[in-house]
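Each remark here refers to the structure printed beneath this line.
Residue numbers (our numbering): 125 to 574.
Here it is as structure tokens:
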């Protein structure tokens, strides 16, 4: 009875507010309140909330990567995730933002370092709000690599990498796509970062993982892969839920405005459905292949769907987002198998999830995208014209080539100076003790020779 009364009271209150809104707006006009200023305020709050959600994804990455690796390296991977955002913030503030959004040429910006000499507003938003949103994206790209190179990379080497990708590599690709660079002039589309964030991070992880070589004991004398099981699947599950939640800031927040409710709603449902179908198909694929519904693969399937739909989320209908998620879930299963056959040791699946599915999602714009939803050209299934598909492929492969070259140079220089990999003894004992002198689970024996 009390619940019914409360519901009627709330309904009456909402109705009263709705009826009062026209009068309030009129009063504001009479008082001379700047409607444009009010809109900017609402947009700023929207973008900052989205930035906070994307920042919270750092916790998700930390939980996923920690759960998927062994207990003796848990502190190490969390320290890398924590310092990742610190280094990304510094690098992106000093020079990264200038390279990405400063005035320059088709390749990179050459102004705006330390945010100096820039307009106070960007895309109708205060500069600082826009910078924080972009810095959160930069941090996400940087932290992807931690999982692929987990359990054997030196901490000082990781800090060096994290600063350089945030200050140089990520911003230059970002300039190509979002800063008025050569790809944007071609009509290349990447709404929220399948290329700029995930392909960059995933391919950087691939380069680093190849150079770092597999973990000790990962492959037997016969060449067959061994399972080095993660120590905490519940923790990884929590991380995936955090990432899924944070993606509702990542994709819808990229509208940079609350003005178009239809657009925000479409992006949100596309984001959710791609994740859901990715998880289902990944679980089905691994169940069919190996006879068991593997939770870790289902979780990576959901992340694969999220990564793949990040670029096309604004340009496709929900049915297309579901198809994209389904295919991404299958890609991640076979991608993990492919890496094992090539003896590329990726402990958390960063390369299949972010690299392969980031490329796939980018190309999907040229297949499923619609010009009526803001794309330069209709996708292939609507027009039979491969123009947009070709543009997407050029952009994706150009990004891959650039990241491979740049990260190859960066990792090689780091290896020649401070070294990339810890010693054999340190790797066997665990990086928590060797690098940090501490344990994630004090009082529990976590030493192993695997």
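Even glycine gets a Cβ: it sits at the ideal position worked out from N, Cα and C.
- Excluding five sequence positions before and after residue 183, the CB atoms of its chain that fall closer than 7 Å to its own CB belong to 366, given in chain order.
- Just so you know, the alpha carbons of residue 444 and residue 199 end up roughly 40 Å apart.
- By the C-beta density criterion, residue 314 is buried, having at least 16 other C-beta atoms within 10 angstroms.
- In this structure, residue 280 sits near residue 542, with a CB-CB distance shorter than 8 Å.
- Distance from residue 519 to residue 209 at the Cβ level is roughly 27 Å; contact not present, criterion being Cβ atoms closer than 8 Å.
- Beta-bridge partners assigned by DSSP to residue 343: 349.
- With respect to residue 284, residue 212 sits apart: the two C-beta atoms are not nearer than 8 Å.
- Residue pairing by DSSP places residue 456 in no beta bridge whatsoever.
- For the 8 Å CB-CB criterion, residue 401 and residue 450 form a contact.
- Annotation: the stretch 255 to 335 contains the following complete segments of the alpha helix (DSSP H) (minimum length 4 residues), in chain order: 279 to 288, 294 to 302 and 306 to 310.
- Contact annotation: residue 222 and residue 236 have beta-carbon atoms nearer than 8 Å.
- For residue 195, no alpha helix (DSSP H) run applies, since DSSP gives it neither H nor E.
- When C-alpha distances from residue 358 are compared across 175, 530, 559 and 193, the shortest belongs to 193.
- The Cβ atoms of residue 429 and residue 474 lie no closer than 8 Å to each other.
- By the beta-carbon neighbour count (other beta carbons within 10 angstroms, threshold 16), residue 245 is exposed.
- Cβ-Cβ distances below 8 Å link residue 338 to 467, 468 and 469 in the same chain, with the five nearest sequence neighbours on each side left out; the list follows chain order.
- Per the C-alpha coordinates, the member of 516, 247, 187 and 261 positioned closest to residue 316 is 261.
- Our two residues, residue 522 and residue 561, have alpha carbons roughly 42 Å apart in a direct line.
- Annotated as distal: residue 175 and residue 269, with beta-carbon spacing of 8 Å or more.
- DSSP places residue 188 in the helix class (H, G or I) of the three-state scheme.
- As the crow flies, the alpha-carbon of residue 186 is around 33 Å from that of residue 234.
- Here residue 250 carries a strand assignment [DSSP, helix/strand/coil].
- The three-state secondary structure of residue 233, taken from DSSP, is strand.
- By the neighbour-count criterion, in which 16 or more other beta carbons inside 10 Å mark a residue as buried, residue 535 falls on the buried side.
- In this structure, residue 425 lies near residue 403, with their beta-carbon atoms less than 8 Å apart.
- Only residues of its own chain outside the window of five on either side were considered, and among them 268, 322, 325, 326 and 431 have a CB closer than 6 Å to the CB of residue 478, listed in chain order.
- Taking residue 301 as the centre and dropping the five residues before and after it, the same chain places the C-beta of 307, 308, 312, 314, 319, 320 and 519 closer than 8 Å to its C-beta, in chain order.
- Within a 10 Å sphere around the beta-carbon of residue 406 sit 16 or more other beta-carbons, which makes this residue buried.
- A Cβ-Cβ distance of about 7 Å is found for the pair residue 555 and residue 275, placing them in contact under the 8 Å criterion.
- Taking 4 residues as the minimum length, the alpha helix (DSSP H) runs contained wholly in the stretch 198 to 229 are 198 to 215 and 221 to 225, in order along the chain.
- Cβ neighbours of residue 476 within its own chain (closer than 6 Å, five residues either side excluded): 456, 459 and 460.
- Following the DSSP letters along the chain, one finds residue 385 inside the alpha helix (DSSP H) bounded by residues 385 to 414.
- Taking 8 Å as the cut-off, the Cβ atoms of residue 249 and residue 159 do not count as close.
- With fewer than 16 other Cβ atoms from the protein chains shown falling within 10 Å of its own Cβ, residue 416 counts as exposed.
- One Cα belongs to residue 440, the other to residue 513, and the distance between them is close to 14 Å.
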